[in-house]
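Student: Each protein sequence line maps, in turn, to chains A and B. Per our numbering, the first sequence starts with residue 4, numbered consecutively. Per our numbering, the second sequence starts with residue 214, numbered consecutively.
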Amino acid sequence: MLSKDKTIYFFVAAVVFIGLKFWYTVLTTDDLFTFLLPMVTFLEVLTHSTAPFLEGEGFYLEAADVLINKSCSGFNLWLMCFLMLSFLGVSHSKNKLIVLPISLLVAYLFTVLVNSSRIFVSILVQEFITNQLGIDEKIVHEAIGITTNLGFLILLYFTAEKLLSHEKPPQS
Amino acid sequence: MKNLLNPKWIFIVHTLPVVLLSLIFFGEYQIIHTLLDEESLGLWRILGVGLMGLIFVNFAYGLFRFLRGERVSIAYAILALPLHIGFIYWYFGNLDQIIPWTIPRWMIAGDFPIYVGTFLMPSLAYCLFVLVTWLTPKEKEHKVWKSFGLAIAVPINWYIFGTIILPLWRNVDFRFSEHVFIVLFIVSTLVFIFFLVRGLYVLTLRKIKISEDYELAGKIILFIVLPLLGLLTNNTFFFTNDSHLYGGVLGDFNHYSFYVLALLNGIALCLPSREDKVYRLGLFVVRSVTFSFIFYFFLVTLPFLPFSIIAILAVGLGFLLMLPLAIFVFHVIKLSEDFSFLKAFYPKNILWLISGLGFLLLPTLVTLDYYHHRQTLHEVLEYVYEPDFEKAYDIDKKALEKTIQVVEDVKGDRFPIFSKKQPYLSAYFNWIVLDNLTLSNAKIKKIRSVFFGGDAEISTRSDIKNPEVKISNLKTQ
Chain A
4 MLSKDKTIYF
14 FVAAVVFIGL
24 KFWYTVLTTD
34 DLFTFLLPMV
44 TFLEVLTHST
54 APFLEGEGFY
64 LEAADVLINK
74 SCSGFNLWLM
84 CFLMLSFLGV
94 SHSKNKLIVL
104 PISLLVAYLF
114 TVLVNSSRIF
124 VSILVQEFIT
134 NQLGIDEKIV
144 HEAIGITTNL
154 GFLILLYFTA
164 EKLLSHEKPP
174 QS
Chain B
214 MKNLLNPKWI
224 FIVHTLPVVL
234 LSLIFFGEYQ
244 IIHTLLDEES
254 LGLWRILGVG
264 LMGLIFVNFA
274 YGLFRFLRGE
284 RVSIAYAILA
294 LPLHIGFIYW
304 YFGNLDQIIP
314 WTIPRWMIAG
324 DFPIYVGTFL
334 MPSLAYCLFV
344 LVTWLTPKEK
354 EHKVWKSFGL
364 AIAVPINWYI
374 FGTIILPLWR
384 NVDFRFSEHV
394 FIVLFIVSTL
404 VFIFFLVRGL
414 YVLTLRKIKI
424 SEDYELAGKI
434 ILFIVLPLLG
444 LLTNNTFFFT
454 NDSHLYGGVL
464 GDFNHYSFYV
474 LALLNGIALC
484 LPSREDKVYR
494 LGLFVVRSVT
504 FSFIFYFFLV
514 TLPFLPFSII
524 AILAVGLGFL
534 LMLPLAIFVF
544 HVIKLSEDFS
554 FLKAFYPKNI
564 LWLISGLGFL
574 LLPTLVTLDY
584 YHHRQTLHEV
594 LEYVYEPDFE
604 KAYDIDKKAL
614 EKTIQVVEDV
624 KGDRFPIFSK
634 KQPYLSAYFN
644 WIVLDNLTLS
654 NAKIKKIRSV
664 FFGGDAEIST
674 RSDIKNPEVK
684 ISNLKTQ
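1) Please classify Val367/B: does DSSP put it in a helix, a strand, or coil?
2) Output needed in chain order: residues of the region 572 to 586 of chain B with a Cβ under 9 Å from some Cβ in chain A.
3) Does Thr114/A come within less than 7 Å of chain B when only Cβ atoms are used?
4) In chain A, what lies closer than 9 Å to Ile395/B by C-beta?
5) Which same chain residues end up closer than 6 Å to Pro104/A when comparing Cβ atoms and leaving out the 5 residues on each side of it in sequence?
6) Take Ala640/B as the anchor and find which of Leu429/B, Leu256/B, Thr580/B, Ile563/B has the nearest alpha-carbon.
7) Measuring only from the beta carbon, is Ile149/A closer than 6 Å to any heavy atom that is part of the ligand HEM?
8) Using the three-state DSSP reduction, which class does Leu70/A fall into: helix, strand or coil?
9) Any beta carbon from chain A within less than 7 Å of Leu403/B's own beta carbon?
10) Hey, would you say Ser501/B sits closer than 7 Å to Phe572/B, going by beta carbons?
11) Count the other CB atoms, across all protein chains shown, that sit within 10 Å of the CB of Val29/A; report buried if there are 16 or more and exposed otherwise.
12) Could you tell me which uninterrupted alpha helix (DSSP H) segments, each at least 4 residues in length, are contained entirely in the region 545 to 604 of chain B, listed from first to last along the chain?
13) Would you kindly work out how many angstroms separate the C-alpha atoms of His536/B and Thr31/A, rounded to a whole number?
14) Please report the straight-line C-alpha distance between Ile259/B and Phe56/A, rounded to a whole angstrom.
15) Relative to the C-alpha of Ser3/A, which candidate in Ser89/A, Asn134/A, Val69/A has its C-alpha closest?
16) Using the Cβ count rule (16 or more neighbours within 10 Å means buried), how would you classify Met183/A?
17) Taking Cβ positions only, does Phe20/A come closer than 7 Å to chain B?
18) Ala640/B versus chain A: which residues are under 9 Å apart at the beta carbon?
19) Residues of chain A with CB under 7 Å from Gly375/B, in chain order?
20) Counting only beta-carbon atoms, is Val367/B nearer than 7 Å to chain A?
21) At the 7 Å Cβ level, is Ser76/A part of the contact set with chain B, yes or no?
22) Contact defined as beta carbons within less than 8 Å: I believe Ile327/B pairs with Trp257/B. What is the distance between those atoms, to the nearest angstrom?
23) To the nearest angstrom, how far is the alpha carbon of Phe374/B from that of Leu308/B?
24) Checking 7 Å against the spacing of the C-beta atoms, do Val498/B and Ala481/B come in under that value?
25) Compute the beta-carbon to beta-carbon distance between Thr133/A and Val143/A, rounded to the nearest angstrom, for a pair I have assumed lies under 8 Å.
26) Strictly by DSSP, which residues pair up with Leu64/A?
27) I'd like to know whether the C-beta of Met42/A is nearer than 7 Å to at least one C-beta of chain B.
28) Between Leu496/B, Pro516/B, His586/B, Arg587/B, which has its C-alpha nearest Leu548/B's C-alpha?
29) Scan the region 101 to 126 of chain A for residues whose Cβ lies nearer than 9 Å to a Cβ of chain B and list them as they occur along the chain.
30) So with CB distances below 9 Å, who are the chain A contacts of His392/B?
31) Would a check of beta-carbon distances place Trp257/B closer than 7 Å to chain A?
32) Kindly indicate which residue of Pro230/B, Thr315/B, Tyr242/B, Thr331/B has the alpha-carbon position closest to the one of Phe25/A.
33) Less than 7 Å between CB atoms is the rule here; does Leu264/B satisfy it with respect to chain E?
34) Tell me the DSSP bridge mates of Phe56/A?
35) Can you tell me which of the three DSSP states Ile684/B falls into?
36) Is the beta carbon of Leu474/B sitting closer than 7 Å to the one on Phe511/B?
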């Protein structure tokens, strides 16, 4: 189980998490420009269209006629993933000092990929599912989001856990 | 025993905040109780008893464990979480009666309604950490199902914490119950499907281990038959009269090269890994070359990965989506094994160089092909609009036809799936060949008329009134 020094690292991760969570409440879409930009760029490639930035509003993805703003940023997913990876890293890794910054970075890259996938899949199939199955659009949108985020989160956990708990064979 | 499972944490994360919360509520009650009706007073009594009960039960448990020198058990987290969440739900559900609208708002502190969620959040977070600590696998579990179940419970815990528990620190609206239901429904569906897939995977592994004769047959099915079937399914999914309008489900992969590469990749993966350095080197080269092909399809299907599991239960489209991942993983393992074998005979740097060059071969060929299209298009545009009469033009009409066709398709399609585009490749094509621009319909029509026959729009600038007048001869000096 966790020893004292591990607890300290996890406490720091929790503080970072809480701090970022509070910070998010005061951020606007314009503040999240840098955060949104890689995801929007990825979406531009996937949808083969452009997404100009409208100040105060967000990125307007022309191909899909959708506005990507603060609510689509994936910030909460980033924080959740960061906590999960931090805990895993602190539990398994010998070099705990770099766990938190690396977790932040990996979680960010993961969020860009997963959030882009979520928006991309929503654009493609949401209308189809809503029309064909007669389910409320908001419920379909939410279900797609949960499936994408949770599905990838599970896969990330399995991958990270396997990588971190893998023991190198003794050198001959 | 200084760690998260030390019962002293209960006093810090639960007893202290909830005692504070109780004092705040008591203070507020002292101010407003004379303005409350019988129903509200009843709810305040329940609130008081509930808070006292929570403090007493948790403190008693913590003290009991502390005095016995035992850790906080997983049962505590499993019981405490629904208890606290239930309490928070009850509170928000009755908030309108606990703090009725008849009470003047200046009597109530601004953030008062969210105090319950806020002050109980440390307890909820602590229960989560206890769960995760107990569930994170340390030793290899002998029972496969238990190990898998525990492993999958960890990310699900984090997700439920982030989407259901964490929002409780603030007031929740009426849609929150619906949100919780959707989350739990999807979670349980995904868990079921993950267990199903794992069960099939374990069963399949056991069957293969029964006889090695089946190993090659299994590989042929997985690496040759299914990928070709997948391409076919992608390209012929729309069995309608409009099928010519669509390239395919995930993109237009009708070109024969996709089938050839899929077959070549499958053969490369099916070939045995003999202990012969020359043979193995050749195999390593081929696998490095085809790796870029499988990596491309891995990227194409990556956004749909969580849905592939659900899609398996549906039309069978799941195979389209999961196969590239399975083959990608196997391909990486095979390359890694080849590398480990070959490094005994060749320098590592050379092997890295070979694999790098092999990986880049297909992308390079694609890039060169696209540059050829670019040259052709520029030559054509120059020929049609700004001809250099001293120059002899040799236009590759086949390449031109393909370029014009792609430009027309791109103009018509919105999205890269159910379309005639190829994910990523079309964007790359547009960047290299067209500089991310396009050609106007008039220009496309003119080019077609010049090189392939057909009507062209005549420029109104010349305003020809007699259609019989044509230029019959042109000489330059």
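Ideal Cβ positions, reconstructed from N, Cα and C, are used throughout, including at glycine. Fair warning: this is a prediction, and the values are worked out from it, not measured in the lab.
Tutor: So, to answer that:
1) Helix at Val367/B.
2) Under the 9 Å Cβ criterion, the region 572 to 586 of chain B contributes no residue.
3) No, no contact with chain B.
4) Against chain A, a Cβ distance below 9 Å from Ile395/B picks out Ile142, Glu145, Ala146, Ile149.
5) Shown here for Pro104/A: not one same chain residue has a beta carbon closer than 6 Å to its own, the five before and five after excluded.
6) Taking only the C-alpha atoms, the option nearest Ala640/B is Thr580/B.
7) Looking for the ligand HEM in the displayed structure turns up nothing, as the structure carries no ligands at all.
8) If DSSP states are grouped into helix, strand and coil, Leu70/A belongs with the strands.
9) Output row for Leu403/B: interface = yes.
10) Contact: yes.
11) Under the 10 Å beta carbon count, Val29/A is surrounded by fewer than 16 other beta carbons and is classified as exposed.
12) Under the rule that a run must span 4 or more residues, the alpha helix (DSSP H) segments found entirely inside the region 545 to 604 of chain B read 561 to 598.
13) Checking the sequence, you will find Leu at residue 536/B rather than His. Cα-Cα distance, rounded: 41 Å.
14) The C-alpha of Phe56/A is placed about 52 Å away from the C-alpha of Ile259/B.
15) Here chain A comprises residues numbered 4 to 175, so residue 3/A is not present and cannot be evaluated.
16) With chain A represented from 4 up to 175, any question about residue 183/A goes unanswered, as that position is not in the structure.
17) With 7 Å as the cut-off, Phe20/A does not count as an interface residue toward chain B.
18) Ordered by position in chain A, the residues that pass the 9 Å Cβ test against Ala640/B are Glu47, Val48, Leu49, His51.
19) Near Gly375/B (Cβ distances below 7 Å), the residues of chain A are Asn79, Met83.
20) Residue contact check for Val367/B against chain A: a CB pair falls below 7 Å.
21) No, its Cβ sits nowhere closer than 7 Å to a Cβ of chain B.
22) In this structure Ile327/B is not in contact with Trp257/B, their Cβ atoms being roughly 18 Å apart against a cut-off of 8 Å.
23) Spanning the two alpha carbons is a distance of roughly 23 Å.
24) Not closer than 7 Å, so no.
25) With 8 Å as the limit, Thr133/A and Val143/A qualify as a contact, their Cβ atoms being about 5 Å apart.
26) The partner list for Leu64/A (beta bridge, DSSP) reads Val69/A.
27) It does not; no Cβ of chain B falls within 7 Å.
28) Cα-wise, what sits closest to Leu548/B is Leu496/B.
29) Answer set for the region 101 to 126 of chain A: Leu116, Val117, Ser119, Ser120, Arg121, Phe123, Val124, Ile126.
30) Against chain A, a Cβ distance below 9 Å from His392/B picks out Glu145.
31) Chain A, which has no Cβ nearer than 7 Å to the Cβ of Trp257/B, makes this no.
32) Distance check between Phe25/A and each of Pro230/B, Thr315/B, Tyr242/B, Thr331/B places Thr331/B closest, using alpha-carbon atoms only.
33) Here chain E cannot be found, since the structure's protein chains are A and B.
34) BP columns for Phe56/A point to Phe62/A.
35) The answer is coil: DSSP assigns Ile684/B none of H, G, I, E or B.
36) Contact: no.
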